[in-house]
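A.B. asks: Residue numbers (our numbering): 5 to 468.
Ideal Cβ placement from N, Cα and C applies to all residues, glycine included.
Quick caveat, the model's predicted, so the values are computed rather than measured.
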């Protein structure tokens with residue numbers, strides 16, 4: 005099944021109502037009157053009336069035939085339509101469950117580390133510690149991290165960045181596949197990371213994949229990928245180049261991500277710092293619709309979204325995003341990283357995820373993150389562990405594999421035929437009649453099964 009954001013929910017069909025009870029009463033009266041007329045008209049004159057046999061033909065046989073006729077009316081007027089509607093509506097429920105499971109897929113953030121020009125950046129932006137950092141349009145450097153003798157400055161930054169994650173990396177890489185994704189200016193920066201990796205005596209050598217630091221935020225693709233390893237370390241940094249005029253503030257961040265399935269091997273012994281939920285990408289002219297679709301996915305309760313982080317949005321997308329948040333009824337407090345840390349750089353998308361995860365760990369609720377993506381905006385939530393999908397199931401959506409009314413009706417018809425006063429109905433013929441009745445019951449049951457399968461096939465060919 006192919007899932008995507010913004011798909012409309014398949015419409016449910018209204019459940020039909022069974023025929024009113026008075027219909028069956030009228031049928032019974034008509035059959036008894038017909039039985040009486042036929043019996044009286046054909047009763048031998050030499051045989052006494054008002055006997056058990058006479059009354060049986062007037063009342064018993066019509067009553068047995070009535071069971072068959074009622075079953076036929078019930079099946080044609082209600083039961084078959086009910087089976088179709090119930091089967092369709094069950095698929096609608098399954099669709100909503102699968103859609104919400106898809107929307108609630110996450111990458112677990114086992115740990116994160118960030119180095120920014122302003123210390124305790126996230127806590128100060130939320131007002132938890134110190135003064136509010138305000139550095140709009142400034143170009144800031146990591147002045148506390150200068151190159152030491154015998155090492156390059158990137159190596160110094162990477163060592164400081166990875167040191168807080170050493171214990172977690174050492175523990176998880178013993179179980180499961182592991183690789184590293186580097187976001188930086190040049191492809192040969194991966195060699196710098198490999199040298200620092202060896203210096204910290206981390207397990208390896210790991211597979212390192214390099215991506216340009218301004219590449220698109222790939223979390224959605226990773227969630228759908230079957231080739232993503234169990235654990236993936238994202239390392240991203242932006243540093244000023246000697247001899248070039250800087251155009252952004254320096255920063256570095258690292259996030260250790262894991263597929264939730266990989267954590268099951270640890271049986272709860274590894275507790276994620278936070279969870280990165282499936283993102284949605286909205287074009288610049290559909291930002292409001294995009295955020296509305298994200299909230300419709302119910303990844304987290306809407307009242308738990310306490311903070312909104314953004315960076316590198318242009319004026320149009322920033323205004324549209326603020327309006328979308330207002331229209332969505334969110335009461336999240338806005339935090340503009342560009343205002344706090346100066347001119348933004350290409351790795352700010354990953355830096356925002358790390359800062360948001362840190363605040364989730366500090367008990368600040370779910371965090372909404374908005375970063376540029378092509379000409380639009382990518383929204384995603386960072387929050388606690390996703391809640392189990394709990395879409396209410398309508399208890400009326402049930403059906404029996406074998407129709408009791410139809411079964412009784414066919415058996416009643418066979419009994420009616422056997423009890424007719426006809427010399428052809430010998431014991432052998434009676435057995436054949438009931439054998440045919442059982443075959444009809446099996447055919448009806450098989451027909452109902454094929455009907456359900458056909459409706460399911462039609463549903464998923466249209467919405468799957």
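Over the uninterrupted alpha helix (DSSP H) stretch that includes residue 147, give me the two end residues.
C.D. replies: Where residue 147 is concerned, there is no enclosing alpha helix (DSSP H), given that its DSSP letter is neither H nor E.
A.B. asks: Looking at residue 197 and residue 186, is the spacing between their C-beta atoms short of 7 Å?
C.D. replies: Yes, the Cβ-Cβ distance between residue 186 and residue 197 is below 7 Å.
A.B. asks: Quick one: complete alpha helix (DSSP H) runs, 4+ long, within the stretch 149 to 201?
C.D. replies: You should have 157 to 166 and 170 to 176.
A.B. asks: Determine, using beta-carbon pairs with one atom in the stretch 357 to 371 and one in the stretch 112 to 129, whether at least three such pairs fall under 8 Å.
C.D. replies: At 8 Å Cβ cutoff, the stretches touch.
A.B. asks: List in chain order: all unbroken alpha helix (DSSP H) runs of 4+ residues lying wholly within the stretch 244 to 273.
C.D. replies: Taking only runs of at least 4 residues, the alpha helix (DSSP H) segments lying wholly in the stretch 244 to 273 are 264 to 267.
A.B. asks: Beta strand (DSSP E) containing residue 376: first to last residue?
C.D. replies: Here the beta strand (DSSP E) through residue 376 covers 370 to 377.
A.B. asks: Residues bridged to residue 303 by DSSP?
C.D. replies: Its beta-bridge partners do not exist; DSSP assigns none.
A.B. asks: How is residue 338 classed by DSSP in three states: helix, strand or coil?
C.D. replies: If DSSP states are grouped into helix, strand and coil, residue 338 belongs with the strands.
A.B. asks: Please work out which residues of its chain come closer than 6 Å, Cβ to Cβ, to residue 237, disregarding the five sequence neighbours upstream and downstream, and give them in chain order.
C.D. replies: So the list reads 184 and 260, once near-sequence residues are dropped.
A.B. asks: Please name the residue or residues paired with residue 110 in a DSSP beta bridge.
C.D. replies: For residue 110, which the question treats as bridged, DSSP gives the partners 281.
A.B. asks: Can you tell me whether residue 389 is buried or exposed, with buried defined as 16 or more other CB within 10 angstroms of its CB?
C.D. replies: The residue is exposed, with fewer than 16 neighbouring Cβ atoms inside 10 Å.
A.B. asks: If you follow the beta strand (DSSP E) that residue 213 is in, where does it begin and where does it stop?
C.D. replies: Unbroken beta strand (DSSP E) run through residue 213: 211 to 216.
A.B. asks: Quick test of the definition: if touching needs 3 or more C-beta pairs under 8 Å, does the stretch 117 to 124 touch the stretch 249 to 256?
C.D. replies: The stretch 117 to 124, when compared against the stretch 249 to 256, does touch it at the 8 Å Cβ threshold.
A.B. asks: Whole angstroms are fine: how far does the CA of residue 352 sit from the CA of residue 208?
C.D. replies: Rounded to whole angstroms, residue 208 to residue 352 spans 28 Å at the Cα level.
A.B. asks: Only counting the same chain, and skipping five residues up and downstream in sequence, which positions put a Cβ closer than 8 Å to that of residue 348?
C.D. replies: Cβ neighbours of residue 348 beyond the five flanking positions: 252, 253, 315, 316, 341 and 342.
A.B. asks: Can you tell which of 221, 250 and 230 has its C-alpha closest to the C-alpha of residue 378?
C.D. replies: Comparing Cα-Cα distances from residue 378 to each of 221, 250 and 230, the minimum goes to 221.
A.B. asks: Thinking C-beta only, is residue 281 closer than 7 Å to residue 303?
C.D. replies: Yes.
A.B. asks: So what does residue 312 bridge to, in DSSP terms?
C.D. replies: In the DSSP output, where bridge partners are listed per residue, residue 312 has 338 and 372.
A.B. asks: Between residue 265 and residue 176, which are expected to be in contact by the criterion C-beta below 8 Å, what is the C-beta distance as a whole number of angstroms?
C.D. replies: Not really, about 13 Å apart at Cβ, beyond 8 Å.
A.B. asks: Below 8 Å, can you find three or more Cβ-Cβ pairs linking the stretch 85 to 105 to the stretch 16 to 33?
C.D. replies: Yes: the two stretches touch, three or more of their Cβ pairs being nearer than 8 Å.
A.B. asks: How should residue 310 be labelled, buried or exposed, when 16 other C-beta atoms within 10 angstroms of its C-beta is the threshold for buried?
C.D. replies: Per the 10 Å Cβ criterion, buried.
A.B. asks: How many angstroms separate the CA atom of residue 13 from the CA atom of residue 104?
C.D. replies: Each residue's alpha carbon lies about 11 Å from the other.
A.B. asks: Beta carbon of residue 463, beta carbon of residue 95: below 7 Å?
C.D. replies: Yes. Within cutoff.
A.B. asks: Could you check the C-alpha separation between residue 374 and residue 158 for me, to the nearest Å?
C.D. replies: If you take the alpha carbons of residue 374 and residue 158, they lie about 28 Å apart.
A.B. asks: If distances are taken between C-alpha atoms only, which option among 277, 246 and 244 comes closest to residue 172?
C.D. replies: If we check each option's Cα against that of residue 172, 277 comes out closest.
A.B. asks: Just curious, the beta strand (DSSP E) that residue 384 is in, first and last residue?
C.D. replies: 380 to 387 is the extent of the beta strand (DSSP E) around residue 384.
A.B. asks: Rounded C-beta distance between residue 308 and residue 369? I'm assuming under 8 Å.
C.D. replies: 5 Å between Cβ atoms; contact.
A.B. asks: Can you tell me where the alpha helix (DSSP H) with residue 365 in it begins and where it stops?
C.D. replies: Element bounds for residue 365: 352 to 365.
A.B. asks: Between the alpha carbons of residue 144 and residue 398, how many angstroms are there, rounded?
C.D. replies: Taking the straight line from one Cα to the other gives about 58 Å.
A.B. asks: Flag this pair as yes or no: are the beta carbons of residue 129 and residue 366 separated by less than 7 Å?
C.D. replies: Cβ atoms of residue 129 and residue 366: not closer than 7 Å.
A.B. asks: Starting from residue 119, follow its DSSP beta bridges and name the residues at the other end.
C.D. replies: Answer is 256, bridged to residue 119.
A.B. asks: Quick one: Cα of residue 43 to Cα of residue 49, how far?
C.D. replies: Taking the straight line from one Cα to the other gives about 12 Å.
A.B. asks: What distance in whole Å lies between the Cβ atoms of residue 410 and residue 75, which are believed to be in contact at a cut-off of 8 Å?
C.D. replies: 6 Å between Cβ atoms; contact.
A.B. asks: Among 376, 249, 445 and 37, which residue has its Cα nearest to the Cα of residue 415?
C.D. replies: Looking at the Cα atoms, 445 is the closest of the given residues.
A.B. asks: Measure the C-alpha to C-alpha separation of residue 131 and residue 286 and round it to an integer number of angstroms.
C.D. replies: Approximately 30 Å between the Cα atoms of the pair.
A.B. asks: In terms of alpha-carbon separation, which member of 181, 194, 230 and 200 lies closest to residue 213?
C.D. replies: Looking at the Cα atoms, 194 is the closest of the given residues.
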